[in-house]
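J.:
2 protein chains.
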Amino acid sequence: MQQQLAMGIDLGGTNLKAALVDRDGRIIAKASQPVDVSRGPDAVIDEMVAMVDSLLAGRSCDRSDLVCVGVGSPGPLSIREGRIHHSANLPGWRNVPLRDTLSEKLQRPVVLDNDGNAAAFGEFWVGAGGGCNDLVMLTLGTGVGAGVVLNGALVHGHFENAAELGHLIVEVDGLPCPCGQHGCLEQYSSASAVARRVVTAIEQGQACALAAGFQSGQPVDCVNVVQCAKDGDAVCTKIWDEACMYLAVAVIDIQHAYNPARIVLGGGMSSAGAFLLDRITDHLTRRCWSLHDDLPVITLSELGTDAGVIGAAGLAWRHANDAS
Amino acid sequence: MQQQLAMGIDLGGTNLKAALVDRDGRIIAKASQPVDVSRGPDAVIDEMVAMVDSLLAGRSCDRSDLVCVGVGSPGPLSIREGRIHHSANLPGWRNVPLRDTLSEKLQRPVVLDNDGNAAAFGEFWVGAGGGCNDLVMLTLGTGVGAGVVLNGALVHGHFENAAELGHLIVEVDGLPCPCGQHGCLEQYSSASAVARRVVTAIEQGQACALAAGFQSGQPVDCVNVVQCAKDGDAVCTKIWDEACMYLAVAVIDIQHAYNPARIVLGGGMSSAGAFLLDRITDHLTRRCWSLHDDLPVITLSELGTDAGVIGAAGLAWRHANDAS
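Protein sequence lines correspond, in order, to chains A and B. Everything in the first sequence is counted per the working numbering, starting at 2 for the first residue and increasing by one. Everything in the second sequence is counted per the working numbering, starting at 2 for the first residue and increasing by one.
So, in structure tokens, the structure goes:
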């Protein structure tokens, strides 16, 4: 009997991931490999094809077992056209018809969506969504990726670029963002931003427990900063607290914009667990409105680094079901 | 032949409005009267019934000509339950089953929604929406009311209180809002806020062209402030410019949250027309991102003070069509 499986692909600036996923959202097989996106779309699409075939072969399947392939990619992109416009994380890629090219090579239907949307859909489908139909996910990693599910469907908007919540302005005239704005959430509340701000403080000569290591060549990362903040280091405590405060401001904006049941936090910064959630809650308690009891539950990702591939496969399943 | 009409009702803290609306969104007859909401829900609902009957009688119609009645009301409220939880603008109203009470008295189906949502739906249906399916409306009046239409439907969210965009935080630790937050949009960018901030400046002894009038008892309103800003008064110019700057910040947050095609501005502050739009555009040009060309068109309300009743009637029509 023919198996029914979907393939989820997560295209990142440094890694290519794929997973074979059944209709209940279980991963049957998965793979991850470094990718050199500077080789251009054609080479990378060929790597996707090889990865798909290899995962299928490992489970004694072939392409005919795939109901559909879902791809999550950095944007901005066009979902309707299946085309990546361009992306800070995919230098040199311009106007790439990824969906149709991959579909032609695989001879299977393909759907394309934003990587933040795919991860949100994964958590909604079989992760931290907990059965609720209205959910927002923030992936606190290199930047802040995001996706929004309302009434059980991703929000795309007219220009198909909705839910870019890393670029909510949380501090007017705040830190500059490469996007051109000032005071974007992702300049304060991503794993990279937290580390970067500690490095800046060290370079400015502020007394910080991570200074000596940094000056002797050890990189500062978000995990170090969290540990130092727990140990009472003043600089790390302040920067971590500000990261949590600005997340609380973003949560309030998200509450008023979408009124979701849940906000799911993923990405590197979320590995701090209760040390993150408790601080956000402290700030929320003091900052959110008292007019109505409609604050979403804030929770951690359940799918972790698999959210993207599972969500992409979930979108593929949904596409296949809608088409049938 | 029986006529097919819907009734739209707009319940405000000071006025009750109603309109008889055909299936194309044209007003057949309308009425507006002061309302004393402190008399309580029963008395006010009886006034609604009398208003409905009077409008029908004036067009030689009766209740059987109504396919449905739509009511826009201040919230927070439950759309599913047709119930007003409570509202700053309806003092003493608690947990009022407005939909079912009105429906029983009229013996017609009734739908209830938030007043900001109703106005947004009106502009989407037959106003400044211009045929687009993804639209946000901001009503810049006493506060900032809002409504969001995505894919042709209002966004309500899990707690049915989405699109409370007057409470987006545009200035961390900014002016206190009666809602309990600090730095809400409506503390800077509503008609009332603009007037209030000028009064505060006068009371602080700042030199302002409106000071003499204010001190001899003339109230300051948004229209005066706009005129004085046009005439070059420094205080009015600064406060008007800040109102427009914070609106630009809110537009950017709305762009990234929903990615709508249009943002429609209504309410008292929007009567400034180009003097409002041009200033917002100036700030947007400097503040919005350059990653993607997805800035919504910003436009003025076309339905003006009729947006609420037309939108409520539109929701009634939609309900009737869905039911049939």
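C-beta atoms are modelled at their ideal positions from N, C-alpha and C, and glycine is treated no differently. Because the structure is a prediction, the values reported are computed rather than measured.
(1) Under DSSP, the beta strand (DSSP E) around Ala30 of chain B begins and ends at which residues?
(2) So that I know if they touch, is there some Cβ in chain B lying closer than 8 Å to that of Gly181 of chain A?
(3) Nearest-angstrom Cα distance between Ser193 of chain A and Asp232 of chain B?
(4) For a contact meaning CB atoms closer than 7 Å, what does Glu172 of chain A contact in chain B?
(5) Ignore the nearest five residues each way along the sequence and tell me which others in Val127 of chain A's own chain have a CB closer than 7 Å to its CB.
(6) Could you give the uninterrupted runs of the alpha helix (DSSP H) lying entirely in the segment 125 to 207 of chain B, keeping only those of 4 residues or more?
(7) List the residues of chain B that Ser291 of chain A touches, going by C-beta distances under 9 Å, in chain order.
(8) Classify Thr15 of chain A as helix, strand or coil using the three-state DSSP reduction.
(9) If we call anything under 8 Å between Cβ atoms a contact, is Ser190 of chain B one with Leu113 of chain B?
(10) From the beta carbon of Gly130 of chain B, is the nearest beta carbon of chain A less than 8 Å away?
(11) Which residues bound the alpha helix (DSSP H) around Asn322 of chain A?
(12) Work out the CA separation of Arg109 of chain B and Leu65 of chain B for me, nearest whole Å.
(13) What do you reckon, are the CB atoms on Glu243 of chain B and Ala129 of chain B nearer than 8 Å?
(14) According to the neighbour-count rule (16 or more other Cβ atoms, all chains shown, within 10 Å of its Cβ), is Glu124 of chain A buried or exposed?
(15) Count Cβ pairs between the segment 55 to 69 of chain A and the segment 313 to 325 of chain A that sit closer than 8 Å; are there 3 or more?
(16) Any Cβ of chain A within less than 8 Å of the Cβ of Ala194 of chain B?
(17) Just how far apart, CA to CA, sit Gly131 of chain A and Pro42 of chain B?
(18) Output needed for Arg327 of chain A: all residues of its chain with C-beta closer than 8 Å, excluding positions within five of it in sequence on either side, in chain order.
(19) If I measure Cβ to Cβ from Ala7 of chain A and keep anything under 6 Å in the same chain, skipping five residues before and after, which residues do I get?
(20) Have a look at A:Gly13, A:Leu176, A:Ile264 and flag the residue whose alpha-carbon is nearest the alpha-carbon of His159 of chain B.
(21) By how many angstroms is the C-alpha of Leu248 of chain B removed from the C-alpha of Thr201 of chain B?
(22) Which of the three DSSP states, helix, strand or coil, is assigned to Leu285 of chain A?
(23) Can you name the residues of chain A whose CB is closer than 8 Å to the CB of Leu166 of chain B?
(24) From the DSSP secondary-structure annotation, give me the bridge partner or partners of Val70 of chain A.
(25) So with Cβ pairs under 8 Å, would you call Gly83 of chain A a contact of chain B?
(26) Could you spell out where the beta strand (DSSP E) holding Gly267 of chain A opens and where it closes?
(27) Distance, Cα to Cα, Asp11 of chain B vs Ala147 of chain B?
(28) Just tell me which of B:Ile29, B:His293, B:Leu91 has its CA closest to the CA of Ile46 of chain B.
(29) List the residues that DSSP assigns as beta-bridge partners of Ile299 of chain B.
(30) With a threshold of 7 Å on Cβ separation, who are the neighbours of Ala164 of chain A within its own chain once the five nearest residues in sequence on each side are excluded?
(31) Can you name the residues of chain A whose CB is closer than 7 Å to the CB of His284 of chain B?
(32) Just to make sure I have the definition right: I need the residues of chain A whose C-beta is within less than 7 Å of the C-beta of Cys133 of chain B. Which are they?
(33) Name the residue from A:Pro75, A:Gly93, A:Arg100, A:Gly73 whose alpha carbon lies nearest to the alpha carbon of Thr81 of chain A.
(34) Identify each residue in the segment 241 to 274 of chain A for which the Cβ-Cβ distance to at least one residue of chain B is less than 7 Å, and report them in chain order.
(35) Express the C-alpha separation of Gly181 of chain A and Gly181 of chain B in angstroms, rounding to a whole number.
(36) What three-state label does DSSP hand Arg84 of chain A in the structure shown?
T.: In brief:
(1) 28 to 35 is the span of the beta strand (DSSP E), which, as asked, contains Ala30 of chain B.
(2) Cβ-Cβ to chain B under 8 Å: yes for Gly181 of chain A.
(3) Between the C-alpha atoms of Ser193 of chain A and Asp232 of chain B there is a straight-line separation of about 48 Å.
(4) Under a criterion of Cβ atoms nearer than 7 Å, the residues of chain B adjacent to Glu172 of chain A are, in order, Val173.
(5) Spatial neighbours of Val127 of chain A in its own chain (CB-CB distance under 7 Å, excluding positions within 5 residues in sequence) are listed in chain order as Gly26, Ile311.
(6) Residue ranges of uninterrupted alpha helix (DSSP H) with 4 or more members, entirely inside the segment 125 to 207 of chain B and ordered along the chain, are 192 to 204.
(7) For Ser291 of chain A, the chain B residues whose Cβ falls inside 9 Å of its Cβ are Cys180, Gly181, Gln182, in order along the chain.
(8) In this structure, Thr15 of chain A counts as coil in the three-state DSSP scheme.
(9) Their beta carbons are not under 8 Å apart, which means Ser190 of chain B does not touch Leu113 of chain B by this criterion.
(10) At least 8 Å separates the CB of Gly130 of chain B from every CB of chain A.
(11) Segment 308 to 324, the alpha helix (DSSP H) holding Asn322 of chain A.
(12) Reading off the sequence, residue 65 of chain B comes out as Ser, not Leu. So the alpha carbons of these two residues sit roughly 8 Å apart.
(13) In this structure, Glu243 of chain B keeps its C-beta atom at 8 Å or more from the C-beta atom of Ala129 of chain B.
(14) Taking all protein chains shown into account, Glu124 of chain A has 16 or more neighbouring C-beta atoms within 10 Å of its C-beta and is therefore buried.
(15) Yes, since at least three Cβ pairs between the segment 55 to 69 of chain A and the segment 313 to 325 of chain A fall closer than 8 Å, the two stretches touch.
(16) It does not; no Cβ of chain A falls within 8 Å.
(17) Going by the C-alpha atoms only, they are around 38 Å apart.
(18) The structure shown does not extend to residue 327 of chain A, since chain A is modelled only from 2 through 325, so no value can be given for it.
(19) Excluding positions up to five away in sequence, the list reads Val22, Val68, Cys69, Ala314, Ala317, Trp318.
(20) Closest by alpha carbon: A:Ile264.
(21) Thr201 of chain B and Leu248 of chain B: Cα-Cα distance of roughly 21 Å.
(22) In the displayed model, Leu285 of chain A falls within a helix according to three-state DSSP.
(23) Under the 8 Å cutoff, chain A gives His257, Ala258.
(24) Paired residue(s): A:Met8, A:Val111.
(25) Not an interface residue.
(26) From DSSP, the beta strand (DSSP E) with Gly267 of chain A extends over 263 to 267.
(27) If you take the alpha carbons of Asp11 of chain B and Ala147 of chain B, they lie about 15 Å apart.
(28) The residue among B:Ile29, B:His293, B:Leu91 with its C-alpha nearest the C-alpha of Ile46 of chain B is B:Leu91.
(29) In the DSSP assignment, the residues bridged to Ile299 of chain B are B:Ile264.
(30) The residues are Gly117, Asn118, Ala147, Gly148, Val149, Val156.
(31) Here the premise fails: no neighbours, minimum Cβ distance about 10 Å.
(32) Those are His159, listed as they occur along chain A.
(33) Note that residue 81 of chain A is Arg in the sequence shown, not Thr. Of the candidates A:Pro75, A:Gly93, A:Arg100, A:Gly73, the residue whose Cα lies closest to the Cα of Arg81 of chain A is A:Arg100.
(34) When CB distances to chain B are screened at a threshold of 7 Å, the residues of the segment 241 to 274 of chain A falling below it are Val250, Ile253, Asp254, His257, Ala258, Tyr259, Asn260, Pro261, Ala262, in chain order.
(35) In a straight line, the C-alpha of Gly181 of chain B is about 32 Å away from that of Gly181 of chain A.
(36) Here Arg84 of chain A sits in strand by DSSP.
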